Amino acid sequence: EDFMPDRIKSDLKLNKEDFGIGEEITSSVQADNLFGTPAANRNYEWELNLDKTPFEAKGYEEYNFEIKKDFSFNTVFRSGKTDGAGHAAETIALGNELEETGLLKGNIRATVFDETGRPVHRYARFNVYTQPVFIGIRNFNDYVGTRTPLRIGLIALDRKGGIQRQQVTVTVVRKEWQNVI
Numbered sequence: 010e011d012f013m014p015d016r017i018k019s020d021l022k023l024n025k026e027d028f029g030i031g032e033e034i035t036s037s038v039q040a041d042n043l044f045g046t047p048a049a050n051r052n053y054e055w056e057l058n059l060d061k062t063p064f065e066a067k068g069y070e071e072y073n074f075e076i077k078k079d080f081s082f083n084t085v086f087r088s089g090k091t092d093g094a095g096h097a098a099e100t101i102a103l104g105n106e107l108e109e110t111g112l113l114k115g116n117i118r119a120t121v122f123d124e125t126g127r128p129v130h131r132y133a134r135f136n137v138y139t140q141p142v143f144i145g146i147r148n149f150n151d152y153v154g155t156r157t158p159l160r161i162g163l164i165a166l167d168r169k170g171g172i173q174r175q176q177v178t179v180t181v182v183r184k185e186w187q188n189v190i
């Protein structure tokens, strides 16, 4: 099988790597032919995915920051043609429907097609922090004996792992079951 090198070179850039709710993600693709001229009027496809990922902070590995709120995100897909300078840009706003869902990892795939229809893919990854403070509970043994005190460790951290003062409401759920043996 013969190896065919790519006929175009493309570069995908984001306006930044970390985003919050209400901000806009702007990505730009620059496509050039290998001999230096812009790859003008070439078809491109743009795809954005978001997935939930656990928040982790260095030095606080014994804490669990999991959020049980349901999260679903439909992949955003767009297509078009590069302009006369071989440039294309796409922007998407992060809406309030993502609020309080934890840390999200995003991935953008931009594909530019050369004159024969062969694709050249580029990827960019980013983080979406859906809340300013993450509340963690210290891991403890699942089984707790009756009439035994239990200390519950709580912590509030910002996105960089700095301790924050935050008022929270804690609800303790007592599960009780009976066994007849």
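In my numbering, the protein residues as written are 10 to 190. Where is the CB? At the ideal position from N, CA and C, for every residue including glycine. Since we're looking at a predicted model, the values are computed, not measured.
### Message
Give me the residue from F74, I144, P47 and P158 with the minimum Cα distance to Q176.
### Response
The shortest C-alpha separation from Q176 is found at I144.
### Task
Just the C-alpha distance for N136 and T84, rounded to the nearest angstrom, thanks.
Cα to Cα, N136 sits roughly 16 Å from T84.
#### Entry: Rounded separation between G111 and E124 - CA only
If you draw a straight line from the Cα of G111 to the Cα of E124, it comes to about 42 Å.
### Query
When we look at the beta-carbon of S88 and count the other beta-carbons within 10 Å, is it buried (16 or more) or exposed?
Classification for S88: exposed.
### Task
Go ahead and pull the three-state DSSP assignment for E65.
Annotated three-state conformation of E65 is coil, per DSSP.
### Task
Report yes or no: do three or more beta-carbon pairs, one from the region 150-164 and one from the region 40-59, lie closer than 8 Å?
Touching, no.
#### Entry: Residue interval of the beta strand (DSSP E) (run including I101)
Segment H96 to A102, the beta strand (DSSP E) holding I101.
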